[in-house]
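Please read the structure below before turning to the comments.
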Amino acid sequence: AQKVTQAQTEISVVEKEDVTLDCVYETRDTTYYLFWYKQPPSGELVFLIRRNSFDEQNEISGRYSWNFQKSTSSFNFTITASQVVDSAVYFCALSEPSPNSGYALNFGKGTSLLVTP
Amino acid sequence: DTGVSQDPRHKITKRGQNVTFRCDPISEHNRLYWYRQTLGQGPEFLTYFQNEAQLEKSRLLSDRFSAERPKGSFSTLEIQRTEQGDSAMYLCASSPGGASGFFGPGTRLTVL
Chain D
1 AQKVTQAQTE ISVVEKEDVT LDCVYETRDT TYYLFWYKQP PSGELVFLIR
51 RNSFDEQNEI SGRYSWNFQK STSSFNFTIT ASQVVDSAVY FCALSEPSPN
101 SGYALNFGKG TSLLVTP
Chain U
1001 DTGVSQDPRH KITKRGQNVT FRCDPISEHN RLYWYRQTLG QGPEFLTYFQ
1051 NEAQLEKSRL LSDRFSAERP KGSFSTLEIQ RTEQGDSAMY LCASSPGGAS
1101 GFFGPGTRLT VL
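In the order they appear, the protein sequences are chains D and U.
Be aware that the first sequence starts at 1, since it is given in the working numbering, and climbs by one per residue.
Be aware that the second sequence starts at 1001, since it is given in the working numbering, and climbs by one per residue.
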């Protein structure tokens, strides 16, 4: 079963619009970690944020903000005033620590964001 | 550059050939992970090393795949008798412990 669901396959917005990327996860662990990565056309995975399961505080970093809600098992990502440079594929990932797989990441299928001028 | 490095960045090979990729983790990172990413999908976990010990291998890692991490430093991933289905981006990540994910730039493999 898919542990991380990113229901939006593709999103297209016009520059300066706000956009929210959804992420729903599934786990039975009480200790886990959630991540967001950006993957531009170059292919490199760029780390954006890590959240542990005990910290539900929302976070803001410049134009980026994250809303973590354990009650709905969601970890949504909002870009405010989007820019063309935000165009990329964004991945949400879940880490459930284990002795054998360490902190291996379980990724969603990604959301492709296109920001047009 | 003190990030994770991977070599080569691109590899084109013919079906049936063997290929080997290398990953150099961030210095002193004792945990190392390999992932595979096919077109339109998120990365999928392949295998995990803690120091030189390979602790976990995904079912995606068929018998044609082997990974090593001698001396707990760099790691290699070898694919024998490549198939067209092996075409993908192979990503390496390292961490010092705990949940973190420092990824390398990846090796893009194309099997003709």
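Don't be surprised by glycine CBs; every beta carbon is placed ideally from N, CA and C.
### Task
Identify the contact partners of Ala-104 (chain D) in chain U, using a Cβ-Cβ distance below 8 Å as the criterion.
Tyr-1033, Phe-1045, Tyr-1048 and Glu-1056
#### Entry: Which listed residue (U:Thr-1013, U:Leu-1055 and U:Glu-1044) has its alpha carbon closest to that of Asn-1030 (chain U)
U:Leu-1055
#### Entry: Given Arg-1108 (chain U) as reference, the closest of U:Asp-1024, U:Pro-1070 and U:Tyr-1035 once Cα atoms are compared
U:Tyr-1035
### Task
Compile a chain-ordered list of the residues in the stretch 1004-1024 of chain U whose CB is closer than 7 Å to at least one CB of chain A.
Structure shown: chain A not included; protein chains present are D and U.
### Pair within 8 Å by beta-carbon distance, Val-13 (chain D) and Gly-108 (chain D)
no
### Which of helix, strand or coil DSSP assigns to Thr-1082 (chain U)
coil
### Query
From this set, U:Gln-1084, U:Arg-1064, U:Thr-1082 and U:Tyr-1090, which residue's C-alpha is nearest Ser-1075 (chain U)'s C-alpha?
U:Tyr-1090
### Query
Name the chain D residues whose beta carbon is nearer than 8 Å to that of Leu-1091 (chain U)?
Leu-45
#### Entry: Residue closest to Thr-1047 (chain U), alpha-carbon to alpha-carbon, out of U:Thr-1110, U:Ser-1094 and U:Thr-1002
The shortest C-alpha to C-alpha distance from Thr-1047 (chain U) to any of U:Thr-1110, U:Ser-1094 and U:Thr-1002 is the one to U:Ser-1094.
### Query
By DSSP, does Thr-9 (chain D) sit in helix, in strand, or in coil?
Here Thr-9 (chain D) carries a coil assignment [DSSP, helix/strand/coil].
### Message
Please tell me whether Ser-1075 (chain U) has its Cβ less than 8 Å away from any Cβ of chain D.
### Response
no
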